[in-house]
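Q:
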Amino acid sequence: VKASLNPTYKQAMMGIGVEAAASASPEEFASFVRSETVKWARVIQATGTRVD
Amino acid sequence: LAQNYPDRPIRLIVPFAAGGSSDVMARGLGKQLAEQMGATFVVENRPGAGGGIAMEVVANAPADGHTLLYGTIGTNGVAPALFKNLPIDPARQLQAVSLLALNPSVLIVSSALPVNSLGELIAYAKANPGKLNYASAGNGSISHLATELLKTSAGIQMVHVPYKGGGAASNDLLAGTVSVMLETITNALTLAKTGKVRALANSGSKRSPAAPICPPSPRPAYRGSRWIAGRACSPRAQPRARSSIACMRRS
Chain H
2 VKASLNPTYK
12 QAMMGIGVEA
22 AASASPEEFA
32 SFVRSETVKW
42 ARVIQATGTR
52 VD
Chain P
343 LAQNYPDRPI
353 RLIVPFAAGG
363 SSDVMARGLG
373 KQLAEQMGAT
383 FVVENRPGAG
393 GGIAMEVVAN
403 APADGHTLLY
413 GTIGTNGVAP
423 ALFKNLPIDP
433 ARQLQAVSLL
443 ALNPSVLIVS
453 SALPVNSLGE
463 LIAYAKANPG
473 KLNYASAGNG
483 SISHLATELL
493 KTSAGIQMVH
503 VPYKGGGAAS
513 NDLLAGTVSV
523 MLETITNALT
533 LAKTGKVRAL
543 ANSGSKRSPA
553 APICPPSPRP
563 AYRGSRWIAG
573 RACSPRAQPR
583 ARSSIACMRR
593 S
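Those protein sequence lines, which keep their order, are chains H and P.
Quick note on numbering: the first sequence equals residues 2 to 53 in the working numbering.
Quick note on numbering: the second sequence equals residues 343 to 593 in the working numbering.
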C-alpha cells in the first residue's frame with residue numbers, strides 16, 4: 002500500500018496516465034472487486050457480448 | 343509467521359505480455375515493493391485467455407503470499423462474466439490485497455464532429471439518431487463495455503465498430519472513419535495533439551492530474567481501474583495468507 006503511494010512511483014504512474022491509489026483494507030478492496038464484477042456482468046449480459 | 347515473510351523471492355504474475363503499459367506498471371511496483379520490504383520480486387508474464395492463464399498460476403500456487411497476481415479490471419472484473427471457460431473463479435480462489443491505481447479513460451471524438459463537450463456529444467447523438475459510431479479495441483474490451491455503459495446511462499445510440507486492438511481503432515478515428523472512442527489518457531492526449539481528434543472528458547469522478555485539459559465526466563459509472571489482487575487461499579491456508587497480506591500491506 003505504501004509502495005503504491007510512494008511519491009516516485011506516483012510520479013512515474015502519472016507519466017503514463019495512471020493515478021496511484023490504495024484500498025483502506027483487503028475487505029474493502031474485495032467488496033470493490035465484487036461490485037465491479039456485478040457491474041460489468043450486467044453490461045455484458047445487456048449487450049449480449051461474446052468472445053470465442 | 344509474518345516475521346518470516348517473505349522467506350524467498352516473491353513472484354508477481356502479470357497477465358499481459360512484456361513491454362505493455364500494465365507490464366511497465368507491474369515492474370515499477372515490484373521495484374518499489376522490493377526496496378521497501380527488502381525482498382526480491384520476480385515479474386513473470388503469463389498472457390492469454392483473458393487473464394485466465396495468469397490467474398490459474400496464482401490460484402494453484404501455495405497460499406503463502408509468495409505468489410501475487412497483478413490483476414486488472416479486465417482480468418478480475420470482466421473476465422468472470424465474459425469467459426465461460428475461465429479455469430478459476432477469481433472471487434472465490436484469490437484473496438484481495440489492495441487497489442493499486444486508477445486508470446481513467448478519455449472520451450475522444452473526431453474533430454470533424456461539431457461537439458466540444460460530453461454534454462454536446464450526448465445532445466448531438468440524440469438529435470442525430472443512428473448517425474454516430476464508436477471504435478473499440480475489440481469485443482469485450484473495456485473500451486467497448488465502458489462505452490456501452492455510457493450509452494445506457496446517457497440514453498443514446500452509437501453503433502459499435504470493434505477493432506483488433508486500440509492501435510487500429512485510433513488510426514480509423516484519426517482518418518475520420520469512426521467518430522468516437524474511449525482511450526487511455528496517454529494515447530488520447532497524443533492523438534489530440536494531431537488536431538484531428540478532440541478530447542472531451544475523462545471517465546473519472548474528478549479532473550485527473552495526468553490529463554488536466556480534460557474535465558471529469560458527470561457520469562463516473564464507467565470508470566476504469568487497475569488492481570493488484572493477490573493470493574490463492576484455501577480455507578486452511580488462510581491464517582498464513584492473512585499474515586503475509588498484513589505484511590504486504592504495510593509496505
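Cβ atoms here follow ideal geometry from the backbone N, Cα and C, with glycine treated the same way.
Can at least three beta-carbon pairs, one atom from the segment 476-492 of chain P and one from the segment 414-425 of chain P, be found at a separation below 8 Å?
A: Yes: at least three Cβ pairs fall under 8 Å.
Q: How would you write the range of the beta strand (DSSP E) that M523/P sits in, first residue to last?
A: Along the second sequence, one-based indexing puts residue 523/P at 181. Taken as a continuous stretch (DSSP letters only), the beta strand (DSSP E) holding M523/P covers V522 to T526.
Q: For the segment 405-471 of chain P, which segments carrying the alpha helix (DSSP H) assignment without a break, of at least 4 residues, lie completely within its bounds, in sequence order?
A: 421-424, 432-435 and 460-469
Q: Taking a contact to mean a Cβ-Cβ separation below 9 Å, would you say N387/P touches V19/H in this structure?
A: Taking the first residue of the second sequence as position 1, residue 387/P is located at position 45. Taking the first residue of the first sequence as position 1, residue 19/H is located at position 18. Here N387/P is not near V19/H, since their CB atoms are 9 Å or more apart.
Q: Could you work out which residue in V400/P, K493/P, K373/P and V448/P is closest to I355/P when comparing CA atoms only?
A: For the purposes of this step, residue 355/P is taken as residue 13 along the second sequence, with counting starting at 1. Nearest C-alpha to I355/P: V400/P.
Q: Does the beta-carbon of N427/P have 16 or more other beta-carbons within 10 angstroms, so that it is buried, or is it exposed?
A: The count along the second sequence starts at 1 and reaches residue 427/P at position 85. So N427/P ends up on the exposed side.
Q: Which ranges does the beta strand (DSSP E) cover as unbroken runs of at least 3 residues, wholly within the segment 475-539 of chain P, from first to last along the chain?
A: 475-478, 501-504 and 522-526
Q: Using a Cβ-Cβ distance under 9 Å, would A496/P count as near chain H?
A: Stepping through the second sequence from its first residue, residue 496/P is reached at position 154. It does not; no Cβ of chain H falls within 9 Å.
Q: May I ask you to report which of helix, strand or coil DSSP gives V34/H?
A: Start at 1 with the first residue of the first sequence, and residue 34/H comes out as number 33. Correct three-state label for V34/H: helix.
Q: Closer than 8 Å is the cut-off here; do at least three beta carbon pairs connect the segment 423-440 of chain P with the segment 390-407 of chain P?
A: yes
Q: Would you verify that the beta carbon of L371/P is, or is not, closer than 9 Å to some beta carbon of chain H?
A: The count along the second sequence starts at 1 and reaches residue 371/P at position 29. Yes, because at least one Cβ of chain H sits closer than 9 Å to the Cβ of L371/P.
Q: So, helix, strand or coil for V19/H, using DSSP?
A: Working through the first sequence from its first residue, we reach residue 19/H at position 18. Coil, per DSSP.
Q: For R51/H, which three-state DSSP category applies?
A: Working through the first sequence from its first residue, we reach residue 51/H at position 50. Correct three-state label for R51/H: coil.
Q: Assuming R353/P contacts L410/P (C-beta within less than 8 Å), just tell me the rounded distance between them.
A: By one-based count along the second sequence, residue 353/P stands at place 11. By one-based count along the second sequence, residue 410/P stands at place 68. About 7 Å; that satisfies the 8 Å criterion.
Q: Looking at the strands, I want to know which residues DSSP matches up with N387/P.
A: To locate residue 387/P, count along the second sequence from 1; it is residue 45. In the DSSP output, where bridge partners are listed per residue, N387/P has V356/P.
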